[in-house]
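For reference, the structure is listed below as structure tokens.
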Amino acid sequence: MEAMEVDSPVEPQGGGSRQPVVAAAEDANAPHVISDSGSSTEVDEDDDDDSEGGRTAARAPPRLPATWAFSQRAVGGASATSSAAHGAPIRRRLRQGLRVHYPSQTAAPSRGFPDFLLRAPAATVAEPESGSTTEVSDSDEEEEAEGREEGTAAAVDPVPPSSPRLSASTQHAPQEAAPTNSSPAADSLRTEAPNQNVQPVPVASASVQSSHTEETGEGDTCSICFEPWTTAGDHRLSALRCGHVFGFTCIQRWLKAQGPAAKCPQCNKKAKRSDIFLLYTPKLRALDNSEQESLKKSLEQEQSLRRKAELESAQYKLKLQVVTNKYGQAQQELQELRALMAQAGRSSLPSSSSSSSSASSSLLGLSQRADGSRKAHYSFSKAVLVSQAGGSRVLSYCEPLSCLLASQVSPHATLVPGYGVKKVSVVNMKASQYVPIHSKQIRGLSFNRQNDSLLLSAALDNTIKLTSLLTNTVVQTYNAGKPVWSCCWCLDNSNYVYAGLNNGSVLVYDTRDTSTHVQELQPLRSRCPVASLCYVPRAASSSFPCGGLIAGSLEGGCFWEQVNETTYRPHVLPLETAGCTDIQVETESRHCLVTYRPGRSNPSLRCVLMALNRTPQQDSSQLPSCSCSPVQTFSAGPSCKLLTKNAVFKSPDGGGTLVCAGDEASNSTIVWDAGSGSLLQKLPADLPVLDISPFTVNGEHFLASLTEKMLKLYRWE
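Heads up, the sequence shown is in numbering that gives the first Met the number 0, so the first residue is 0 and it goes up one at a time.
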């Protein structure tokens with residue numbers, strides 16, 4: 000916008016010297032003229048020699064709308080008539096590059112000024128430069144000041160501009176000039192007054208903000224964890240396709256936690272783990288964590304060596320136990336041999352031949368036992384028909400009643416439909432009676448240590464039940480809401496029982512609360528069915544003293560350490576992530592047996608004996624962790640279509656540990672020595688073996704194997 004500075008000298012009639020009339024406006028609404036550095040142009044509009052034409056023009060000057068609006072402020076028009084009557088020549092000077100700024104433009108428009116004049120566009124508006132000065136325009140304010148102070152002062156009527164710049168500048172006049180008090184002090188003020196209404200423009204705010212960011216270090220940290228980026232390691236600089244930068248481990252965990260609907264943490268743009276790429280920039284300010292990474296590698300190496308040492312220690316302990324047992328047997332045989340030799344030396348000569356022959360026969364028998372030719376083993380004792388139609392699944396032994404319990408379909412499906420258990424007495428080796436319990440197939444049977452003959456059973460009818468075998472009636476039923484695949488008792492507190500569901504959860508029930516479960520243990524990884532549950536009681540063991548629950552699913556296992564009655568701490572066991580069918584525990588030696596199905600990498604059925612261990616607490620902030628390490632691996636046939644249950648238990652001869660598993664390929668029960676890993680024997684069966692249970696009656700040791708129809712008993716000899 001261009002503005003003008005108007006000098007209106009009125010020449011008296013007598014031809015005296017020209018004296019400019021200056022009215023200084025101190026009003027807040029007075030326009031401020033910001034001069035540019037351009038040259039000034041003067042336009043003289045003196046009248047021609049024809050005084051008549053000049054007077055006529057003075058009497059009736061053509062008026063623009065803006066000048067008409069200003070002229071309405073003069074009351075009576077006497078001064079305008081006087082000025083026109085004098086016919087004084089008006090000299091106006093235009094300065095190119097001037098801009099008028101009216102602070103009153105934000106005020107409400109005056110009642111007498113047309114609104115459309117305020118919206119008139121300016122022609123060829125020039126932008127101000129940084130070195131411009133501010134002047135107060137006196138072309139209009141001096142008329143108003145003189146008209147209000149002295150009514151007889153001559154008012155100068157503006158002449159139509161001769162250029163578009165003048166027309167544009169006059170159209171941007173203020174709406175209404177506020178009254179000012181004219182005084183000699185005010186008249187002395189000139190147009191070079193400093194402009195106090197010009198607001199400073201903020202310069203380089205972005206650079207200031209960026210410098211502040213560099214000082215505070217916000218551009219060098221990850222927006223997820225607010226930790227600095229590094230040049231190496233897991234937290235090195237990486238970005239997504241959208242361009243936002245994060246630490247590599249942070250954005251990887253972020254996208255993995257959100258799953259398929261993962262988005263960028265900053266712009267919410269869809270992202271996936273394959274969109275992450277590392278950045279390499281020479282101007283990156285990163286922490287030097289090379290020493291930290293080297294320490295981490297050293298720690299990992301030390302941990303791997305420690306695990307290897309623990310594995311070797313467990314293997315040597317097992318071998319030492321076997322050697323100790325053999326040494327004890329050899330010592331006993333040596334004492335018996337010495338006793339026989341002493342008895343033979345005291346006998347007479349006639350009878351010495353017979354005694355020596357008997358002693359030699361006994362020595363031959365002892366030597367045969369010593370070299371293993373007559374080693375103890377399981378021999379077939381009895382076969383009991385459980386179900387003619389089949390459908391048997393699990394097996395358990397009740398010590399107070401000296402009977403085996405095998406699940407089966409109801410033999411009278413029309414009268415009593417559903418599933419129950421068949422009692423088999425181990426005294427006379429005969430099946431006694433059937434007890435109905437569930438409406439669908441039974442998947443788990445368990446007894447506690449209280450010898451109260453309470454049977455805990457789990458079935459696919461969404462319930463677990465407590466059945467008293469003394470009265471053959473169900474005494475308590477708990478509805479889990481989902482099919483139950485396994486169950487067990489808490490061996491540290493018989494008031495609690497556990498139920499493994501098909502969605503991977505484990506429900507904790509209190510037998511004193513008959514309404515619902517008291518706690519739910521959510522799965523940590525996948526939601527596969529919990530195929531096996533076994534409780535590890537607390538023991539005075541240096542390697543694994545804690546007690547808790549081992550939950551085995553088809554994709555691994557988890558140990559829930561019982562801190563107190565209501566608190567469980569999960570520990571994921573380092574098992575294979577596929578094909579885990581069963582987990583059993585030997586409570587005294589703190590060993591567990593994990594069974595894997597045949598797969599691509601291992602084409603045969605495998606039973607892995609693992610030792611439970613606990614990492615000691617290093618400091619107060621880090622809690623001890625529980626884990627397991629493999630000790631021995633036993634291989635069987637190449638087929639495993641059913642979820643069978645195996646067994647690990649102390650050897651009946653008092654030394655070592657035995658491992659028993661059903662081989663579906665050969666329809667037999669395989670017995671291994673856990674110490675040496677050697678195969679002891681195969682016990683044949685007519686159908687695939689589904690469950691195995693060792694038990695003791697009157698000092699004799701037996702092994703029971705269950706198929707769909709038959710129950711076979713073997714005696715240790």
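Even glycine gets a Cβ: it sits at the ideal position worked out from N, Cα and C.
Kindly identify the DSSP beta-bridge partner or partners of residue i.
i           : result
residue 374 : Looking at the DSSP assignment, residue 374 forms no beta bridge with any residue, so it has no partner.
residue 672 : 657
residue 606 : 594 and 633
residue 382 : 711
residue 488 : 496
residue 235 : 229
residue 519 : 506
residue 463 : 457 and 477
Apart from the five residues just before and just after residue i, which ones in its own chain have a Cβ nearer than 8 Å to its Cβ?
i           : result
residue 275 : 237, 238, 239, 247, 250, 251 and 254
residue 589 : 535, 538, 540, 542, 543, 610 and 611
residue 220 : 226, 227 and 228
residue 353 : Residue placement at residue 353 is poorly supported in this model, since its pLDDT is 42, which falls under 50; the coordinates are not used for a value here.
Excluding five sequence neighbours on each side, which residues of the same chain lie with their C-beta closer than 7 Å to the C-beta of residue i?
i           : result
residue 314 : 630
residue 302 : none
residue 198 : Confidence is the limiting factor: at residue 198 the pLDDT is only 43, short of 50, which leaves the residue's position unreliable, though a coordinate-based value still follows. Contacts found: none.
residue 517 : 507, 508 and 509
residue 413 : none
residue 655 : 320, 321, 324, 672, 673 and 674
residue 522 : 503 and 504
residue 222 : 245, 264 and 265
residue 432 : 422
residue 513 : 475
residue 658 : 592, 606, 608, 633, 647, 671 and 673
What do you reckon, are the CB atoms on residue i and residue j nearer than 7 Å?
i           : j           : result
residue 604 : residue 577 : no
residue 682 : residue 671 : no
residue 438 : residue 417 : yes
residue 663 : residue 638 : yes
residue 498 : residue 457 : yes
residue 710 : residue 426 : no
residue 703 : residue 403 : yes
residue 554 : residue 525 : yes
residue 559 : residue 573 : no
residue 449 : residue 386 : no
residue 408 : residue 444 : no
residue 705 : residue 686 : no
residue 550 : residue 529 : yes
residue 645 : residue 608 : no
residue 442 : residue 484 : yes
residue 628 : residue 310 : yes
Going by alpha carbons, who is nearest to residue i out of the options?
i           : options               : result
residue 256 : 271, 242 and 266      : 271
residue 435 : 474, 581 and 601      : 474
residue 527 : 501, 514 and 483      : 501
residue 575 : 583, 564, 594 and 447 : 594
residue 286 : 307, 230 and 306      : 230
residue 582 : 626, 379 and 552      : 552
residue 482 : 646, 546 and 461      : 461
residue 410 : 440, 388, 398 and 242 : 388
residue 376 : 707, 694, 680 and 685 : 680
residue 696 : 713, 685, 687 and 690 : 713
residue 380 : 708, 706, 699 and 707 : 699
residue 374 : 495, 651, 707 and 658 : 651
residue 328 : 613, 701, 466 and 653 : 653
residue 278 : 234, 304, 262 and 258 : 234
Quick check on the DSSP output: the alpha helix (DSSP H) that includes residue i runs from which residue to which?
i           : result
residue 249 : 247 to 257
Starting from residue i, follow the beta strand (DSSP E) in both directions and report where the run begins and ends.
i           : result
residue 696 : 690 to 696
residue 558 : 555 to 561
residue 549 : 547 to 552
residue 701 : 699 to 705
residue 580 : 579 to 585
residue 783 : In the structure as shown, the chain starts at 0 and stops at 716, and residue 783 therefore has no counterpart that could be examined.
residue 509 : 505 to 509
residue 678 : 678 to 683
residue 533 : 529 to 535
residue 404 : 402 to 408
residue 279 : Run containing residue 279: none; DSSP gives neither H nor E here.
Which residues in the same chain have their Cβ closer than 6 Å to the Cβ of residue i, if we skip the five residues on either side of it in sequence?
i           : result
residue 151 : Reliability of the predicted coordinates at residue 151 is poor, the pLDDT of 39 falling under 50, and the value obtained from them is presented with this limitation in mind. Excluding residues within five positions, none has a Cβ falling inside 6 Å.
residue 396 : 403, 692 and 694
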